[in-house]
Every structure is written in structure tokens, then in C-alpha cells.
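Numbering-wise (the numbering used here), the sequence shown opens with residue 30 and increments by one.
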Amino acid sequence: MSNKKELRIGLIGTGFMARTHTNAYKRAGDFFPELSYRPVLKAVCSRNPAKVKAFAEQWGYESVETDWKALIERNDIDAIDICASNDVHAEIAIAAAAKGKMILCEKPLSRTLAEAKQMVDAIEESGVKNTVWYNYRRVPAVTLAKQIIDSGKLGKIFHYRANFLQDWTISPELPQGGDGLWRLDIESAGSGVTGDLLAHCIDAAMWHNGPIKDVSAVTETFIKERMHQGTGKVQKVGIDDACIFHCHFENGSLGVFESTRYARGHKAEYTFEINGEHASIRWNLHDMNRLEYFDHSDDSLVRGWRSILVTDGDQPYMKRWWVPGLIIGYEHTFVHQFADFLESLETGKPCSPTFKEALQTQKVCEAVIESANSKSWKNTGAEKF
Ligand SMILES: NC(=O)c1ccc[n+]([C@@H]2O[C@H](COP(=O)([O-])OP(=O)(O)OC[C@H]3O[C@@H](n4cnc5c(N)ncnc54)[C@H](O)[C@@H]3O)[C@@H](O)[C@H]2O)c1
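Here it is as C-alpha cells:
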């Protein structure tokens, strides 16, 4: 019998993120055995009774709910994990905070900045533990990039550029709304690639390089109308299919960001590059265990981009896994974040990014959309994490 404290999870959603998070709940204790909390898969909630029952059986949840309000009323749940579409994040988080539940919320925090502010107010008022699943921070190579930047090795930073490219919405036949396609429906998603993909790039960029001060953006909606699965009618598409923005960081560096779902050949190509006075760093999700590093102080005869395979025990998170040289994958980023969350319960330190930190990313996303709509520069008001 385990003498660990129980953390009883109530998961909302049975889709993609519900699976990645549940996998993390199952693995974290094995690979972070010192943690004094033990997750218990208490209940999973989704509106479709058959789907939620099947999910619970497959993944080992003790019980099911079909109404999230009933889930947060339960006294046997300590933490609510929001893995539902963006339209319900705010309502659930605000209600869960009022009930004193810890909250782990998927990104983006919500559809709009106004909603995100209400969520942060609710969290601050209740004082509940919280985190937002900007999981790419916990790719060991991305964490190592942060450590290298913080060590000062890059010197003054001049440029930060990031891309997140996909190609899955090119067909005009693809409907909007409903299961799996809520991302194309402005009502459910809040925005298109800006909140869905660029939010990751913005979170990592501000973590690495400090606040983004102002932005100038263009967006495009290539397919103007799509059939809506909810109404059965052909409706205007309200989301940004593609977004490009440039910006000033508060530290004086320049940023360039691009995201699209129309880059044929790219499935989920997230890349960033940072250029400093002395050194540069670059990373690509498709080769996520590697960090490329160029150091101008190297002997000029052998100077060049180093390709660092981030698998050694002294590199972030890697002592938890296999032996040097053996790689890990996407799912591990969620294990890392959940383990960090459990550790934060012990130490009392926040588990970044908190709602308050994710609000800064939301400010930038909102400024990007406003800039594109008004064809003008916009200040973001983002503060340092
Ligand atoms: N961190 C990441 O890298 C990452 C990746 C993908 C998605 N996300 C985020 O995770 C969230 C979920 O995305 P997904 O890809 O898992 O979507 P999905 O479509 O696979 O699953 C969404 C789930 O939410 C459920 N749902 C919607 N409204 C609900 C309600 N009112 N009550 C109960 N359940 C409800 C649906 O039934 C479905 O099970 C989104 O906010 C998305 O932006 C994050």
C-alpha cells in the first residue's frame, strides 16, 4: 500500500490532450519516484456517454460524468484538468476555482483576453494551485536553450524567429465545428493559428527572451466559407488560417513569427532560432532531442554549428529516462510538466506557466489579431514571467 498523498484527478475531455495527460498521470510516479503525491484517475467527463465510458475503461478512470458541473461539485476530486475545446476553458476554470479545486488547463488559456483576465482573477481570489500546459517548454532541448540563454552565453540577443507550420486544412471540403474540427470554428476556438499554434511559440519566446512589447501582424483566411457541422449550413470562416507577425521584445531584440495550416508538406513543424552577439541556438520539433548551437568564440578552424543530442543525465530531465544517446518523445513533455506540478505542491513554488503567466501570452495573441485587423502596430502590455 502506497503511503503517498493522493491527488484525485477529474479530467474534462476525451480527445487528443486527454490521452497525453492521462499517459502523464500514469507514468510520472514511475520516473519521478521521490514525489510524495500519487495521482488517482478518479473521474473523466465528456458529453457523450458512450465515448466517456469507453475512455474510462481504456485508460482506467474509476468513474464518469457527462456534465462538467457535476464533476466539479464532487468532494472526491482535488484537481480539475481542462482538456476540452477553448470555448469552455473560462467557465470551467472559474467555477472550479470557486470550488477550491486545483486546475491544470490546456492552452490557450481561453478564446479572448477578457476571458483570460476573468480566469486569472478567479484563480488569484481562490489561491488554488494551477498550471497551463504549454508543454514545449519541457522538451529537454528547449529547457536547455533557456539555461544557455540565462547563462549569458549568447550575449546581447538580436533576433528571435519562430515558425509553426501545418497543412491539414487546405481542402475546402473540410467542414468547421464539431468533433475534431472545433479549431476551425471561431466560436469554439477564439482564433485560428494564432491561439492554437503561435501561442506555443509566443510562450516559449517570452520565456526565453522576455516580454514582447509590440507587434505588427498580417493574417489571412484562405477559405472564406465552410460547412458547419453544428448547423449543417455553409458559414463564414472567422478564424485566421495563417498569421505572420513581427515584433519588438522589451530587451531590444526583434522577433519574426509565422504560422499557417496551409504549408503543404508540413505536419507540425515548430522551429525557433535565437541569434545573440556571441552565439546562436536553433531547434526543430521534428528533431526534438537535438539543440543546434553556434559559438563564435570557437577556434575559427573548427567553428560551426554543433548538433547537441540532448540525452545526457546532466541535461534537463534526461537523468529520469534511459541512458545517454537514447532519445525521448512528445509524450514525455507532459510527464515532465505533471511531475513539476506535483513537485510544486510540495515546495509551494508555482508551476510555470501559471494562469498569470499564460495571461501574458494571451495579451500578445490578442494584440496580434488586433494589429492584423487594424493594419497597425499594437502594444501588447505583456509583463515579464
Ligand atoms: N499543449 C498542446 O500541445 C496542445 C495540443 C493539442 C490541443 N491542445 C489544447 O487542448 C485542448 C483540447 O484539444 P484536443 O486536441 O484534445 O481536442 P479534441 O477535439 O481532441 O478533444 C476535445 C474534447 O473536449 C470535449 N469537450 C468539449 N466541450 C465539452 C464540454 N462542454 N464538456 C465536456 N467535454 C467537452 C470533447 O468532447 C472532446 O473530448 C484545447 O484547448 C487545445 O487548444 C494543446
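Yeah, the Cβ is synthetic: ideal placement off N, Cα and C, and Gly gets one too.
- In the DSSP assignment, P68 falls within the unbroken beta strand (DSSP E) covering Y66 to C74.
- Excluding residues up to 5 positions away in sequence, L320, V339, Q344 and P345 lie with their Cβ nearer than 7 Å to the Cβ of L173 in the same chain.
- Ranking L142, S155, T51 and I252 by CA distance to the CA of S200 puts I252 first.
- If you check the C-beta of F45 against ligand 1, you find a heavy atom less than 8 Å away.
- By the Cβ neighbour-count rule, Q176 is exposed, with fewer than 16 other Cβ atoms within 10 Å of its own.
- Its Cα nearest to that of S336, the residue W312 stands out among S329, H325, W312 and P353.
- Short of 8 Å from the beta carbon of Y165, and not among the five residues preceding or following it, lie these beta carbons of its own chain, in chain order: V171, H229, D232, A233, Y299, L314 and T362.
- Between the stretch 205 to 212 and the stretch 352 to 367, the count of Cβ pairs shorter than 8 Å is below three; the stretches do not touch.
- Taking 9 Å as the cut-off, the Cβ atoms of T95 and R76 count as close.
- Remark: the shortest separation between the CB of H257 and any heavy atom of ligand 1 does not fall under 8 Å.
- F45 sits exposed, since fewer than 16 C-beta atoms from the chains shown fall within 10 Å of its C-beta.
- G410 and V393 have their C-alpha atoms roughly 8 Å apart.
- Here P169 is buried: its Cβ has 16 or more other Cβ atoms, across all protein chains shown, within 10 Å.
- Fully enclosed beta strand (DSSP E) runs of no fewer than 3 residues occupy 308 to 313, 319 to 324 and 335 to 338 of the stretch 306 to 380, in order along the chain.
- Here DSSP, grouped into helix, strand and coil, assigns T172 to helix.
- With the rule of 3 Cβ pairs closer than 8 Å, the stretch 121 to 129 counts as touching the stretch 106 to 113.
- Per DSSP, reduced to three states, the secondary structure at H237 is helical.
- R255 has Q264 as its beta-bridge partners, per DSSP.
- Per the coordinates, the alpha-carbon of N402 lies some 34 Å from the alpha-carbon of E154.
- Counting C-beta pairs with one atom in each stretch, the stretch 60 to 80 and the stretch 89 to 104 have three or more that are closer than 8 Å, which means they touch.
- If you compare the alpha carbons of Y189, T376 and E395 with that of N280, the shortest gap goes to Y189.
- Relative to Y66, the option among A292, E35 and M235 whose CA is nearest is E35.
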